[in-house]
Amino acid sequence: MTQPASKTVAEAFDALDYGTSPESDAQAKEWLASHKDGVMKLFIGGKFVSPTAENGRETSFDVFNPANGAPLMKAAQASAADVDKAVKAARKAQKGWAGLKGFERARYLYAIARLMQKHARLFAVLETLDNGKTIRETRDIDVPLAVRHFYHHAGWAQLAEKEFPDYEPLGVAGQIIPWNFPLLMLAWKIAPAIALGNTVVLKPAEQTPLTAILFAQICCEAGLPDGVVNIVTGDGATGAALVNHEGIDKLAFTGSTEIGRLIRKNSAGSGKALTLELGGKSPFIVFEDADLDSAVEGVVDAIWFNQGEVCCGGSRLLVQESIAERFIGKLLRRMESLRVGDPMDKSMDMGSVVDAAQLERITGLVNKAVADGACLHQPCGSPSDFAKLGNGKGCFYPPTLLTDVEPSDEIAQTEVFGPVLAAITFKNQDEAVSIANNTVYGLAASVWSENINMALELAPRIKAGVVWVNATNQFDAAAGFGGYRESGYGREGGREGLFAYMRPKYEAKLPLIKPAKAKVAPKESSAANASDSLIDRTAKNYIGGKQQRPDGNYSLPVYAADGSLAGHVGEGNRKDIRNAVEAAHKAEGWAATDAHLRSQILYYIGENLAARKAEFCALIASLTGQSKSAAEKEFMTGLERVFSYAGWCDKYEGVVHTPPQQSVVLAMNEPIGVVGVVCPEDAPFASFLSLVMPVIAMGNRAVVIPCESAPLIATALYQVFDTSDLSGGVINIVTGRHSELVKPLAEHDGVDSVWYFGHGGQSAAVEAMTLGNLKQSWVNHGKARNWSDPAQAEGREFLRRATQVKNIWVPYGESFAASGGY
Amino acid sequence: MSVTQMPQPRTPNSDHDQTVTSRADHNRIIHARNEGMSLDLEWLDLARANYSALQRRCKTIGTRRSVKKHWQAAWLLKALTCIDLTTLNSDDTPGRVRRLCAKARNPVRRDLLEALGMGEHDIHTGAVCVYHEMVETAVKALEGSGIPVAAVSTGFPHGLSPFPQRVAEIKASVAAGAGEIDIVITRHHVLNGNWQALYDEMSAYREACGEARVKAILGTGELATMRNVAKASLVCMMAGADFIKTSTGKEKVNATLPFTLIMVRMIREYEERTGFKVGYKPAGGISTAKDALNYQFLMNEELGHEWLQPDLFRFGASSLLADIERQLEHFVTGRYSAFNRHPAG
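Protein sequence lines correspond, in order, to chains A and B. The numbering of the first sequence is numbering that gives the first Met the number 0, which starts it at 0 and goes up by one. The numbering of the second sequence is numbering that gives the first Met the number 0, which starts it at 0 and goes up by one.
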């Protein structure tokens, strides 16, 4: 808290206080006043339009400055009809926009970046007035990063045609962004979308709509074609109208996990592509050999940046026991000099939280933590002191440290989204990893150690989309950002982020799955494989490397194409799925196996498969009714696929980003974890291998539900896996009815991703089943792939789906006058 | 050794009273002089310095804090009182040194001081810094002003003359009336990790200084790594340095904010363990008022108000004063000022 300011030079000479250093709001006020009747309009089809009234609702809402409660402006409340207009405008513009040469689109993005730079200070001041964050941050961080995002993506607009010749834009994107980084999140959403030829309808948060409207004006100034960017302001109802609109091809959301889950639910089965960037409870891990003073400063940047309203904010401090006391002491001392107050003052470290509701939430969670036994440290002042700021009408909360917190406490698990740090201790690196990963989230992590061996070992072990070594909250347009687990899916920024706004060209042309041809009626009393089996064989489930009888002890008959009984498979149930997922988790070591060894094992599978070619060809022919030559062709396709992914194992590598900060950023392709795979009925041999091989090649473990019509192929395959040095649990197979098995698999909270290629029409259901842990999903939407065509059934698309990108930031530098870099 | 077994703070060799009696009151010393401690190599082992993190912190020093209006005038006046007004040129003459001393006594035009409401204050620079050759001239020129003369010493700037000569040089300057001695350390002791040798050297210099304050110039630009800078800072403080100072002004890289950051953090740690407050002096290349403010912000944020006062903070600078004068006049008149409006030094 600040003391009374000196009034004269002589007083200040003795006190050496900072006084006040206010940024002017004159130009921002002028801008606000330029809106007729004090109401901002919607930006639809290149025009600023008034909203249409919706039954009984106001057509506008007040926008406040949270630092002093002053009303700034009214923003339009877009109705469902307005959203519809905006989507139609975007649709109308999309073809033409996508049809422009990359160079043309690049020129527009470049112009936008330039214009944003020209109005940089106006953006910064408006953002501070609207959000309550400090002018230092809007001026030096938010706005420059947003501008950089447009420059970077101007480049992608130019290069995409050549770099991604087999891809096309998705169409119209509906984008919903949060209030914590209004302009930056807008840039993260709009820049990649329009760079690649999509058009957008963006809804800013109702708390912070100002800079989006200024951005709309810039789109006009840049001469952006009408309808390419549309901005609809409004509350959750506007967002819901956007999510549910049938004219949307892609939804991108940044915000709370709760709303993300709702969007997944409401969009399930709609065919809309979806990326989510959600909450977090990111660990900030300090080892005893770290530069502790720098780590303390890191904490400041981690959790007292943007009032802690940062999805990737380091809100859990994990500090090694041996230095805990010393480190906390240093931290408390540092906290004393944090300055909190008027966010327009250039000497403030923290401003106001976004609104009273958020202030109440923070207050409640801290009080609860204290009631739960946490020790409260607020060296800069108490909440009641802070309530006096902004003439008693601000929303200020003090920087807060909670010690005596255990990982099981609510404050260590729940996202606060405020300036509140919970400190936990650990004894060694293994415990640090286990506590770090003991969360439903996986957005970011920060690791502090002067030992590069330690840091680089830890980075891959932490389940998070971004890991900063000896740094925190570093962002750049060239480096992807996004989460693991319930922190969402998809990346924003960099090459990896582009895939959120494009799709392979073949996808749109895929035909619908044809209804299965009725098999010839089963022949009564035909003996299974009577002709070529001396002794009756029992096909079982394959779980944890063992053949296991199904839990229910029922079997299902499998008929050959000619109607004869080909054999039986186990009728798996939900418990078999549970066991299979359990086994897959135990096989976690597969992820850490080096790529060369994985490759060797896949080659070995191919080798053993080839040795049994005749048997498999006969089986394929018998079960599918294909000719001998067609069956052989399918066999060879499957075999080739095994070889392809054996080859890919050590070649689907990440990239190294080189952001303007002096850092190398390692964008590593990491396995997702346990992937559930539901196989299609067509090409049962080739499709099984087309789906399962990329999954395991990248280090995932698979729980596979084979097709219903020819599951004996899958059960024959496990004998091959068994003899090919594949560790138990890497591939698990549960046979049975899809109607029974898909649900427990897709719903399982221990499954990290689910691929549904079944013919049971369950795509929508599967997407809805992912809600529990917000697992990723890849479904066929009832479309059939040609499994013999490598363009559709093999390659990077599959590998991309089998991995998630982790960006590891490694800042470097030791020499005082070095000019070299990566 | 594990990090849990932290070296215990040494008890200072003598009790440190509030005030140390000095030959003159010009240092305005209000804290105990650093008595040093025995060399603690375990402590050195714990020193860490992550350069890129230091750079990141420094990048925002000047953007996280800002002083305007009368606050800015006050901070700049304070910066002015911390300047060791320096001339270290091979062509220095007694006349040149006398002019400099006159400027040190009256660094700001009288009318400006009055306008600032600071007419009653005795505003002068922190010291005048010269080679031994010019000490007598300076002492005479500053007589009665309370401004100490600082002499660079020990074979400045390289510090590679015979050791007995270096010690004798200190003694000669003290005998000639220098109140402060800016010594240079032997850089190869640092580069080769010969901490005992550095400690012994520094201890000898401190002893030779007697009552004169000793500032240890590390030559940071030549120490290769930030960790070396951290360790050299600690060793010099353990050996009794009153100030640690970045540079001679003659290295390729002189004072920078990252050097400052690691050095002041070591000062903080040394105080936490021993209770002794050690001063800090960046030197070389600080020539604008804005630069000076950034250093002041860093001192204030990392160490606190005490380290904004001349007894714990000095700028080694020659042209900084002129820019501060211009800024002060701008504050008074509202017009941008020019160099020729302010008396030369």
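Beta carbons are placed, not taken as given, at the ideal position from N, Cα and C, and that holds for glycine.
Assigned secondary structure, residue i (DSSP; H/G/I helix, E/B strand, else coil)
| i | result |
| --- | --- |
| B/A337 | coil |
| A/K504 | helix |
| A/G637 | helix |
| B/Q71 | helix |
| A/I604 | helix |
| A/L555 | strand |
| A/H148 | helix |
| B/A343 | coil |
| A/N229 | strand |
| A/H376 | strand |
| A/W467 | strand |
| B/V66 | coil |
| A/Y107 | helix |
| A/G196 | coil |
| B/H329 | helix |
Closer than 8 Å to chain A by CB, residue i
| i | result |
| --- | --- |
| B/W42 | no |
| B/Q326 | no |
| B/L79 | no |
| B/N227 | no |
| B/A48 | yes |
| B/G220 | yes |
| B/S65 | yes |
| B/Q195 | no |
Residue j beta carbon less than 8 Å from that of residue i
| i | j | result |
| --- | --- | --- |
| A/K161 | A/N197 | no |
| A/E669 | A/T802 | yes |
| A/A153 | A/L183 | no |
| A/E233 | A/Q76 | In the sequence as displayed, the identity of residue 233 of chain A is Gly instead of Glu. Yes, these two residues count as a Cβ contact at 8 Å. |
| A/T438 | A/K202 | no |
| B/A231 | A/D290 | no |
| A/P181 | A/A211 | yes |
| A/G45 | A/C219 | yes |
| A/E707 | A/N572 | no |
| B/V96 | B/A167 | no |
| A/G170 | A/V200 | no |
| A/S486 | A/Y440 | yes |
| B/G278 | B/F242 | yes |
Integer Cβ distance of residue i from residue j, believed to fall under 8 Å
| i | j | result |
| --- | --- | --- |
| A/K94 | A/G246 | Their Cβ separation, rounded to whole angstroms, is 13 Å, which puts A/K94 and A/G246 out of contact at 8 Å. |
| A/V703 | A/H584 | Rounded, the Cβ-Cβ distance is 15 Å, inconsistent with contact. |
| A/A458 | A/L442 | Actually they do not touch by this definition, with Cβ atoms about 14 Å apart. |
| A/D788 | A/N772 | Between A/N772 and A/D788 the Cβ distance is about 33 Å, and since that is not below 8 Å, they are no contact. |
| B/C235 | B/A215 | 4 Å |
Interface flag, residue i vs chain B, CB-CB below 8 Å
| i | result |
| --- | --- |
| A/G18 | yes |
| A/N437 | no |
| A/Q823 | Only positions 0 to 821 of chain A appear in this structure, which leaves residue 823 of chain A out of reach. |
| A/M0 | Only weak support exists for where A/M0 lies, its pLDDT of 47 falling under 50; the coordinates are left without a value. |
| A/S346 | yes |
| A/N469 | yes |
| A/Y811 | yes |
| A/D788 | no |
| A/R120 | no |
Are at least three pairs of beta-carbons, each pair with one atom in the segment 442–453 of chain A and one in the segment 272–286 of chain A, less than 8 Å apart? Touching, yes, given that three or more Cβ pairs across the two stretches are closer than 8 Å.
Taking contact to mean 3 or more Cβ pairs, one atom from each stretch, closer than 8 Å, check whether the segment 678–696 of chain A and the segment 655–669 of chain A are in contact. Not touching, per the Cβ criterion.
Kindly confirm or deny that the segment 222–238 of chain A and the segment 115–135 of chain A touch, where touching means at least three C-beta pairs closer than 8 Å. No: fewer than three Cβ pairs fall under 8 Å.
Three or more C-beta pairs under 8 Å: does that hold for the segment 19–26 of chain A against the segment 123–141 of chain A? Between the segment 19–26 of chain A and the segment 123–141 of chain A there are three or more C-beta pairs closer than 8 Å, enough to call the two in contact.
Between the segment 9–22 of chain A and the segment 49–67 of chain B, do three or more beta carbon pairs fall short of 8 Å? Touching, yes.
Decide if the segment 493–502 of chain A is in contact with the segment 761–776 of chain A; the criterion is three or more beta carbon pairs, one per stretch, under 8 Å apart. They do not touch, by the three-pair rule.
Any contact between the segment 312–325 of chain A and the segment 405–422 of chain A? By contact I mean 3 or more CB pairs, one from each, below 8 Å. Yes, they touch.
Would the segment 175–182 of chain B count as touching the segment 144–156 of chain B if we require 3 or more Cβ pairs under 8 Å? Counting Cβ pairs under 8 Å, three or more are found: they touch.
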